[in-house]
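Residue numbers (our numbering), protein chains in the order written: chain A, 22 to 179; chain B, 22 to 179; chain C, 22 to 179.
All C-beta atoms, glycine included, are put in the ideal place defined by N, C-alpha and C.
Input: a single structure, listed below in C-alpha cells.
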C-alpha cells in the first residue's frame with residue numbers, strides 16, 4: 022500500500038477515536054489526542070473565511086484543554102445531553118516536517134433529556150496532525166462551524 | 022500495514038456492508054452478518070447505562086433474526102420508509118480468542134412517504150466481531166439508542 | 022492486504038475527496054472527479070426504482086459538468102448556503118474491464134444564511150469507478166434521492 026493511502030487510513034482512525042471519546046463521555050481522554058503545545062479553537066465560519074480572529078473557544082496548550090474538562094465536569098453540563106459526531110470528507114494535504122494538514126466535515130446530532138434529536142452543529146475541522154514516535158496527535162485543530170443557533174451550548178468540545 | 026490498522030479497515034468494511042443492506046432493502050441479507058449463535062438487541066441508553074436488562078428487541082440466535090425478517094416482510098412495514106444509517110467513530114477494543122469488541126456511533130435519518138427527512142434515531146453499536154475461516158461476522162450486536170420518540174417504529178432492524 | 026480491501030480503501034478516499042470539494046466551495050474541482058465521457062444524473066428514488074428515465078439533472082460528459090459550474094458561479098446560488106455531505110455504507114460490486122460498481126448512502130445537511138441546519142436531502146450514490154493510469158475517476162454517478170421537498174434547490178451538485 023502506498024504511503025499516502027496508509028496516512029489517510031491512520032488519520033482516519035485517529036479522527037474516529039477522537040469523536041468516539043467525545044460521544045461516549047470519555048471527556049478526560051479528549052486532551053490526550055493533542056500535543057502538549059497544541060492549538061485548539063472553535064470559530065464561526067463567517068469569521069474564519071474573513072480571516073478575523075474571533076474564536077469562541079481558544080486554547081494554546083494541552084493544559085488548557087485539561088482545565089476545560091475539569092470545568093465541564095464540575096458544571097455537569099456534559100452529561101445532560103448526548104452528542105453524536107458524524108465525520109465525512111476527510112482529505113489530506115501535504116506532509117511537511119512530520120506534520121500533515123487535513124480537513125473533514127462534521128455534523129453533530131444532539132439528543133436532549135426529552136429524547137429529541139436535532140442537528141446541533143455542522144462545520145469543518147481544519148487540523149494539523151503531528152507524528153512522534155509512531156503516535157499521531159493533533160498539533161492544531163480548528164473547528165469552523167456553519168450553524169449559528171448553537172452558541173449557547175458551545176461549552177462542549179467539538 | 023500493522024495488524025491493528027488492518028483489523029480496523031476490515032471491521033469498517035463489515036460495518037458499512039451491514040448498514041448498506043439495511044438501507045437498500047436487502048433485509049434478507051441482514052441475518053447473514055451474524056454468527057448462528059449471535060446475540061442481538063436494541064436497548065435504550067438509559068437502561069444500558071444503568072445495567073438494566075430491558076431491551077425492546079432481543080434475539081439470541083440467527084434463526085430469530087430470520088423469523089423477524091419474515092414478519093417484517095409480511096407486515097410490509099419496511100418498504101414504506103427509507104432509512105439512511107450514518108456511522109462514525111468506529112474504534113476497536115482488544116482481540117481475545119478471535120473475538121474483537123468494537124463500538125461506533127450511528128445516526129439514522131428517516132424519509133417518510135411524503136418525502137420528509139428527519140433524524141429518526143441516534144445511538145451507538147456495542148459489537149463483538151468473530152473471525153472464522155477469514156470471514157467476519159457479528160457474534161454480538163447491541164444497538165443502544167439515545168432518542169426516545171422513535172419507539173413506535175422500532176420493529177425495523179438498526 | 023488483499024486487493025478487495027485495498028480497492029475499498031481507494032474508492033473510499035475518492036468518495037471523501039469528492040464530497041470535500043462540494044462542501045468546501047471547490048466547485049471547479051467537481052468535474053475533475055469524472056472521466057471525459059462520464060454519465061452524471063440526479064433522479065428521484067421513485068423513478069429510479071421503477072426504471073423510469075426522468076432525472077432532474079442529466080449530464081453525459083465532463084464538459085456539461087464544467088458548463089454547469091460556470092452557470093452556478095454566475096447565478097451565485099452556491100455561496101449562499103453551506104452543505105455538509107455525510108456518506109456511509111460504501112460497498113463495492115464486481116470489477117470488470119477496469120470498472121468497479123459501488124454504492125453508498127448520503128445525507129446532506131444544509132445550513133442557510135440564518136444559520137439554521139436541516140436535513141436537506143438523503144439518498145444513495147450508484148457509481149461506476151474507472152481506473153486509468155493508476156487514477157480513479159467516476160465514469161458514472163447517479164444520485165438517487167429519497168427526499169421530495171428539496172427539489173427547488175436542486176441546481177447544486179450532489
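- Item | Cβ shell of residue 168 (chain C) (< 6 Å), same chain only, five flanking positions each side left out | Counting from 1 along the third chain, the entry for residue 168 (chain C) is found at position 147. Counting only Cβ-Cβ distances below 6 Å, and skipping sequence neighbours, we find 142, 143.
- Name the residues in the segment 77 to 100 of chain C whose C-beta lies less than 7 Å from a C-beta of chain A; which are they? none
- Message: So if I threshold CB-CB distances at 8 Å, which residues from the segment 50 to 71 of chain B count as touching chain A?
- Response: Result list: 66.
- Query: Between residue 145 (chain C) and chain B, is there a C-beta pair that is closer than 8 Å?
  - Reply: Here residue 145 (chain C) refers to the residue found at position 124 when the third chain is read from its first residue. Chain B, which has a Cβ nearer than 8 Å to the Cβ of residue 145 (chain C), makes this yes.
- Message: Am I right that residue 109 (chain A) and residue 108 (chain C) are in contact with their C-beta atoms under 8 Å? What's the rounded C-beta distance?
- Response: Counted from its first residue, the first chain places residue 109 (chain A) at position 88. Counted from its first residue, the third chain places residue 108 (chain C) at position 87. Right, their Cβ atoms sit about 5 Å apart.
- At 9 Å on the CB atoms, spell out the chain B contacts of residue 48 (chain A), in chain order. As a first step, residue 48 (chain A) is located in the first chain; it is residue number 27 there, counting from the start. Residues of chain B passing the Cβ test: none, with the nearest at roughly 14 Å.
- Message: Taking 8 Å as the threshold (beta carbon to beta carbon), is residue 27 (chain A) in contact with chain B?
- Response: Locating residue 27 (chain A) in the first chain gives position 6, where the first residue counts as 1. Chain B, which has a Cβ nearer than 8 Å to the Cβ of residue 27 (chain A), makes this yes.
- Task: Identify the continuous beta strand (DSSP E) that holds residue 91 (chain A) and give its terminal residues.
- Result: Within the first chain, the letter at position 70 stands for residue 91 (chain A). Unbroken run through residue 91 (chain A) is the alpha helix (DSSP H), 83 to 96; no beta strand (DSSP E).
- Query: Within 10 angstroms of its Cβ, does residue 153 (chain C) collect 16 or more other Cβ (buried), or is it exposed?
  - Reply: On the third chain, position 132 is the one that residue 153 (chain C) refers to. Residue 153 (chain C) should be labelled exposed.
- Name, please, each residue of chain B whose Cβ falls closer than 7 Å to the Cβ of residue 108 (chain A). As a first step, residue 108 (chain A) is located in the first chain; it is residue number 87 there, counting from the start. Within chain B, the residues near residue 108 (chain A) are 109.
- Query: Is residue 73 (chain B) helix, strand or coil by DSSP?
  - Reply: On the second chain, residue 73 (chain B) is found 52 positions in, with the first residue counted as 1. Coil.
- Output, in chain order, the set of chain D residues within a Cβ distance shorter than 8 Å of residue 124 (chain C). Going by chain labels, chain D is absent from the structure shown, which instead holds the protein chains A, B and C.
- Taking residue 127 (chain B) as the reference, give the member of B:178, B:86, B:106, B:84 with the closest Cα. On the second chain, residue 127 (chain B) is found 106 positions in, with the first residue counted as 1. Closest by alpha carbon: B:106.
- Query: Where are the beta strand (DSSP E) runs, 3 residues long or more, that stay fully inside the segment 95 to 174 of chain C, in chain order?
  - Reply: Complete beta strand (DSSP E) runs here, min 3: 103 to 117, 120 to 132, 138 to 153, 156 to 166.
- Does residue 133 (chain C) come within less than 8 Å of chain B when only Cβ atoms are used? Locating residue 133 (chain C) in the third chain gives position 112, where the first residue counts as 1. Residue 133 (chain C) does not count as touching chain B.
- Message: In whole angstroms, give me the CA-to-CA distance for residue 31 (chain C) and residue 79 (chain C).
- Response: Counting from 1 along the third chain, the entry for residue 31 (chain C) is found at position 10. Counting from 1 along the third chain, the entry for residue 79 (chain C) is found at position 58. If you take the alpha carbons of residue 31 (chain C) and residue 79 (chain C), they lie about 27 Å apart.
- Query: Any C-beta of chain C sitting closer than 8 Å to the C-beta of residue 149 (chain A)?
  - Reply: For this step, residue 149 (chain A) is matched to residue 128 along the first chain. No, residue 149 (chain A) does not count as interfacial toward chain C.
- How would you call residue 57 (chain C), buried or exposed, if buried means at least 16 neighbouring beta carbons within 10 angstroms? Numbered from 1 along the third chain, position 36 holds the residue referred to as residue 57 (chain C). Result: exposed.
- Item | Residue from C:139, C:74, C:55 whose Cα sits closest to the Cα of residue 63 (chain C) | Taking the third chain and counting its residues from 1, the one referred to as residue 63 (chain C) is at position 42. Nearest C-alpha to residue 63 (chain C): C:74.
- Query: Does the distance from the CB of residue 48 (chain A) to the CB of residue 112 (chain A) come in under 8 Å?
  - Reply: Position 27 of the first chain holds residue 48 (chain A). Position 91 of the first chain holds residue 112 (chain A). No. Outside cutoff.
- What are the boundary residues of the beta strand (DSSP E) that includes residue 179 (chain A)? Within the first chain, the letter at position 158 stands for residue 179 (chain A). Note, residue 179 (chain A): premise wrong, no beta strand (DSSP E); not H, not E.
- Task: Return the bridge partner residues of residue 37 (chain A) from the DSSP annotation.
- Result: By one-based count along the first chain, residue 37 (chain A) stands at place 16. Looking at the DSSP assignment, residue 37 (chain A) forms no beta bridge with any residue, so it has no partner.
- How long is the line joining the alpha carbons of residue 84 (chain C) and residue 114 (chain A), rounded to whole angstroms? As a first step, residue 84 (chain C) must be located in the third chain, where it is residue number 63. As a first step, residue 114 (chain A) must be located in the first chain, where it is residue number 93. Computed Cα separation, rounded: 27 Å.
- Message: Can you check whether the C-beta of residue 103 (chain C) is within less than 8 Å of a C-beta belonging to chain B?
- Response: As a working note, residue 103 (chain C) is residue 82 in the third chain. Chain B, which has no Cβ nearer than 8 Å to the Cβ of residue 103 (chain C), makes this no.
- Message: If you measure between the beta carbons of residue 22 (chain C) and residue 27 (chain B), is that distance less than 8 Å?
- Response: Start at 1 with the first residue of the third chain, and residue 22 (chain C) comes out as number 1. Start at 1 with the first residue of the second chain, and residue 27 (chain B) comes out as number 6. Cβ atoms of residue 22 (chain C) and residue 27 (chain B): closer than 8 Å.
- Check whether the Cβ atoms of residue 132 (chain C) and residue 103 (chain C) lie closer than 8 Å to each other. Taking the first residue of the third chain as 1, we reach residue 132 (chain C) at position 111. Taking the first residue of the third chain as 1, we reach residue 103 (chain C) at position 82. The beta carbons of residue 132 (chain C) and residue 103 (chain C) sit closer together than 8 Å.
- beta strand (DSSP E) segment containing residue 52 (chain B), residue limits: As a position in the second chain, residue 52 (chain B) is number 31, starting the count at 1. From DSSP, residue 52 (chain B) is part of no beta strand (DSSP E); its letter is neither H nor E.
- Please check the pair residue 93 (chain C) and residue 52 (chain C), which I expect to be a contact at CB under 8 Å, by giving their CB distance rounded to whole angstroms. Stepping through the third chain from its first residue, residue 93 (chain C) is reached at position 72. Stepping through the third chain from its first residue, residue 52 (chain C) is reached at position 31. Going by Cβ atoms, the distance from residue 93 (chain C) to residue 52 (chain C) rounds to 12 Å, so no, they are not a contact pair.
- Report the three-state DSSP secondary structure of residue 23 (chain A) (helix, strand or coil). Taking the first residue of the first chain as 1, we reach residue 23 (chain A) at position 2. Correct three-state label for residue 23 (chain A): coil.
- Message: In the DSSP output, which residue or residues are listed as bridge partners for residue 78 (chain A)?
- Response: By 1-based counting over the first chain, the position of residue 78 (chain A) is 57. According to DSSP, residue 78 (chain A) shares a beta bridge with A:63.
- Which residues, taken in chain order from the segment 153 to 167 of chain A, show a beta carbon closer than 7 Å to some beta carbon of chain C? 167
- Message: Against residue 73 (chain B), what residues of chain A qualify as contacts under a CB-to-CB distance less than 9 Å, listed in chain order?
- Response: Here residue 73 (chain B) refers to the residue found at position 52 of the second chain. In chain order: nothing, as chain A lies at least about 17 Å away.
- Query: Just checking my contact of residue 165 (chain B) with residue 69 (chain B) at CB under 8 Å: how many whole Å lie between their CB atoms?
  - Reply: Taking the second chain and counting its residues from 1, one reaches residue 165 (chain B) at position 144. Taking the second chain and counting its residues from 1, one reaches residue 69 (chain B) at position 48. Contact check for residue 165 (chain B) and residue 69 (chain B): beta-carbon distance about 5 Å, within the 8 Å limit, so the pair qualifies.
- Sort B:178, B:36, B:148, B:136 by Cα distance to residue 59 (chain B) and report the nearest one. To locate residue 59 (chain B), count along the second chain from 1; it is residue 38. Comparing Cα-Cα distances from residue 59 (chain B) to each of B:178, B:36, B:148, B:136, the minimum goes to B:148.
- Keeping to the same chain, check which residues put their C-beta closer than 7 Å to that of residue 40 (chain C); ignore five residues upstream and five downstream. The count along the third chain starts at 1 and reaches residue 40 (chain C) at position 19. These residues qualify, in order along the chain: 106, 108.
- Message: Rounded to the nearest angstrom, what separates residue 162 (chain A) and residue 61 (chain A) at their Cα positions?
- Response: Within the first chain, residue 162 (chain A) is the residue found at index 141, counting from 1. Within the first chain, residue 61 (chain A) is the residue found at index 40, counting from 1. Rounded to whole angstroms, residue 162 (chain A) to residue 61 (chain A) spans 5 Å at the Cα level.
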